[in-house]
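J.: Structure in structure tokens, see below.
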Amino acid sequence: MTTTRTTTRTDPMSQTAGETTERTTERTAPASDTPPDAERLRRWRMVLGADSADSTGRTLTGQDAAMDGALDALYGGGAGKKPNSRGTGGRSAGLGASAPSVARWLGDIRTYFPSSVVQVMQRDAIDRLGLSALLLEPEMLEAVEPDVHLVGTLLSLNKAMPETTKETARAVVRKVVEDLERRLESRTRATLTGALDRSARISRPRHRDIDWDRTIRANLKNYLTLPAPDAATTAGSTGATGPTPTGTVVPERLIGYGRSSRSAKKDIVLCVDQSGSMAASVVYASVFGAVLASMRTLSTRLVVFDTAVVDLTDQLDDPVDVLFGTQLGGGTDINRALAYCQSRITRPADTVVVLISDLYEGGIRDEMLKRVAAMKASGVQFVTLLALSDEGAPAYDHEHAAALGALGAPAFACTPDLFPDVMAAAIEKRPLPIPDKEYQP
Numbered sequence: 029m030t031t032t033r034t035t036t037r038t039d040p041m042s043q044t045a046g047e048t049t050e051r052t053t054e055r056t057a058p059a060s061d062t063p064p065d066a067e068r069l070r071r072w073r074m075v076l077g078a079d080s081a082d083s084t085g086r087t088l089t090g091q092d093a094a095m096d097g098a099l100d101a102l103y104g105g106g107a108g109k110k111p112n113s114r115g116t117g118g119r120s121a122g123l124g125a126s127a128p129s130v131a132r133w134l135g136d137i138r139t140y141f142p143s144s145v146v147q148v149m150q151r152d153a154i155d156r157l158g159l160s161a162l163l164l165e166p167e168m169l170e171a172v173e174p175d176v177h178l179v180g181t182l183l184s185l186n187k188a189m190p191e192t193t194k195e196t197a198r199a200v201v202r203k204v205v206e207d208l209e210r211r212l213e214s215r216t217r218a219t220l221t222g223a224l225d226r227s228a229r230i231s232r233p234r235h236r237d238i239d240w241d242r243t244i245r246a247n248l249k250n251y252l253t254l255p256a257p258d259a260a261t262t263a264g265s266t267g268a269t270g271p272t273p274t275g276t277v278v279p280e281r282l283i284g285y286g287r288s289s290r291s292a293k294k295d296i297v298l299c300v301d302q303s304g305s306m307a308a309s310v311v312y313a314s315v316f317g318a319v320l321a322s323m324r325t326l327s328t329r330l331v332v333f334d335t336a337v338v339d340l341t342d343q344l345d346d347p348v349d350v351l352f353g354t355q356l357g358g359g360t361d362i363n364r365a366l367a368y369c370q371s372r373i374t375r376p377a378d379t380v381v382v383l384i385s386d387l388y389e390g391g392i393r394d395e396m397l398k399r400v401a402a403m404k405a406s407g408v409q410f411v412t413l414l415a416l417s418d419e420g421a422p423a424y425d426h427e428h429a430a431a432l433g434a435l436g437a438p439a440f441a442c443t444p445d446l447f448p449d450v451m452a453a454a455i456e457k458r459p460l461p462i463p464d465k466e467y468q469p
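For the sequence shown, our numbering puts the final residue at 469, and the numbers step up evenly by one.
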């Protein structure tokens, strides 16, 4: 049975937590000698919350009561009041503004729920109860479960963060960044290295550089049947009664491997919107930027923007420095950012520009579109990502997305796992692997 506490939880993220909580409850179910009806009522009581206690007739004890207390403190009808116990039955809901109470609650949810649920509940606590200010305290940062969304919140608080907290915040951010690098680096390198090798094929190779598999496939249309050998000769030498037909592929066009070079084969420009709604995208773009910058065959530039433009290329050796060099929030001037990127392009035919933005343009819309058209006309491969995150399609400007699509730069949301394939297609100048229709304008 999968349901949520519909009487108290209306936020979609909290519904996810509720659903997972019900599964967690199943793992802590009593022994099999519990009567089926009693177990069913217990599960309904856990899912629906304290408001259902009278109708279900169930009183929670032990770990069930503690889990229910942690949930009710965040999602219960009394949210905002200070809790007076740790789930022992006589409690009032809410986390209040007390740092010790919140720290205790963070410890409780890490005890009772898996990491994925803890991260959802932390996000809900920050959004629903306004706990961002408490993240400026080192003790609080040490208690939270780090994830991409927490990093985004910390970056938005960067300017207000006291010096005593900054080192702890950097440690939290570094842990998330290192986890992302371990997950994403190897596949990104493998995918893009293959794409770069394939994009470097040459048509007049030396004999030792010929790619015979691709050469044969490219010349199958030139297959010729050879004249049959003399029947008597064939019969005498093989014992056969007739000639065996033969043929050959005429290699009219040779395809070879490009020789490795110490110079960059492709220039990559990541142009990232750092408005508040793009926090997760900024985190992932910084990690990917660092990975791409470490590849000798790529020349990578990272540009972040709001109404101003900041080039963070010199900091790409450490994505944590990149992230703390951003300033989430503010307006958006895509046209100004693209003008800067355009001015740095020296090899249009070998350049891929990736614009990561929700396209809510505060600058000059027509100029922005003209710049994209000019870059594409010069040979630049232009990619528009509405988001680079796990969440899928965000809110975005549909009119601008449609206009870019008409220019041959379709806008779509991209998950981190898909990003290497998108970049590989852009490098090879193939059609982009656009995900399902729900991600498109």
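Every residue, glycine too, gets a C-beta built ideally from N, C-alpha and C.
Mapping the DSSP letters down to three states, classify T412 as helix, strand or coil.
T.: strand
J.: Shortest alpha-carbon distance to L220 belongs to which of S327, K398, T243, E170?
T.: S327
J.: W133: buried (16+ other C-beta within 10 angstroms of its C-beta) or exposed?
T.: buried
J.: Rounded to whole angstroms, what's the CA-CA distance from S314 to A367? Just pull it up for me.
T.: 21 Å
J.: Under a Cβ-count criterion, where at least 16 other Cβ atoms within 10 Å of its own Cβ denotes burial, should K294 be classed as buried or exposed?
T.: So K294 counts as buried.
J.: Do V146 and E173 count as a contact pair if the criterion is CB distance below 7 Å?
T.: Against a cut-off of 7 Å, the Cβ pair of V146 and E173 comes out as a contact.
J.: Going straight from the alpha carbon of R70 to that of T139, what length do you get?
T.: 21 Å
J.: Tell me which same chain residues have a C-beta within less than 7 Å of the C-beta of M396, skipping the five on either side of it?
T.: I362, N363, L366, E389
J.: For T335 versus G304, is the C-beta distance shorter than 7 Å?
T.: Against a cut-off of 7 Å, the Cβ pair of G304 and T335 comes out as no contact.
J.: Can you tell me where the alpha helix (DSSP H) holding V300 begins and where it ends?
T.: Per DSSP, V300 belongs to no alpha helix (DSSP H); it is in the beta strand (DSSP E), 294 to 301.
J.: Quick check on this structure: which residue in T193, V319, I296, Y251 has the alpha carbon closest to the alpha carbon of G275?
T.: Y251
J.: Rounded C-beta distance between V400 and A429? I'm assuming under 8 Å.
T.: Incorrect: roughly 12 Å between the Cβ atoms, too far for contact.
J.: Return helix, strand or coil for R281, following the three-state DSSP convention.
T.: coil
J.: Do you know whose CA, among Y103, P376, E165, E195, lies nearest R151's CA?
T.: That would be Y103, whose Cα lies nearest to the Cα of R151.
J.: From A188 to T181, what does the alpha carbon distance come to, in whole angstroms?
T.: 12 Å
J.: Quick check on S327: does DSSP put it in helix, strand or coil?
T.: It is a strand residue.
J.: Just to confirm my understanding: we take T192, look at its own chain, exclude 5 residues before and 5 after, and list those with CB closer than 8 Å. What are they?
T.: P166
J.: Are the CB atoms of L460 and V450 nearer to each other than 7 Å?
T.: At a Cβ-Cβ threshold of 7 Å, L460 and V450 count as neighbours.
J.: Buried or exposed for Q409, please, with buried defined as at least 16 other CB atoms from any protein chain shown within 10 angstroms of its CB.
T.: Flag for Q409 reads buried.
J.: Ignore the nearest five residues each way along the sequence and tell me which others in S470's own chain have a CB closer than 7 Å to its CB.
T.: No answer is possible for residue 470: the residues shown for the chain start at 29 and end at 469.
J.: Thinking P190 and L164 are a contact (beta carbons under 8 Å), I'd like their distance in whole angstroms, please.
T.: 6 Å
J.: On the CB-based measure, 16 or more other CB atoms within 10 Å of its CB, does V201 come out buried or exposed?
T.: buried
J.: Please classify V172: does DSSP put it in a helix, a strand, or coil?
T.: coil
J.: Taking the alpha-carbon positions, what's the K457 to P463 distance?
T.: 18 Å
J.: Only counting runs of 4 or more residues, tell me where the alpha helix (DSSP H) segments fall wholly within the stretch 354 to 385, in order along the chain.
T.: 362 to 371
J.: Along the chain, where does the beta strand (DSSP E) that runs through T243 open and close?
T.: Counting along the chain, T243 falls outside any beta strand (DSSP E), though it belongs to the alpha helix (DSSP H) covering 240 to 246.
J.: Report yes if the CB atom of P422 is closer than 7 Å to the CB atom of D386, and no otherwise.
T.: Taking 7 Å as the Cβ cut-off, P422 and D386 qualify as a contacting pair.
J.: Less than 6 Å between C-beta atoms, sequence neighbours within five positions excluded: which residues of the same chain meet that for R329?
T.: V297, T341
J.: Per the DSSP calculation, G275 is bridged to which residue(s)?
T.: T253
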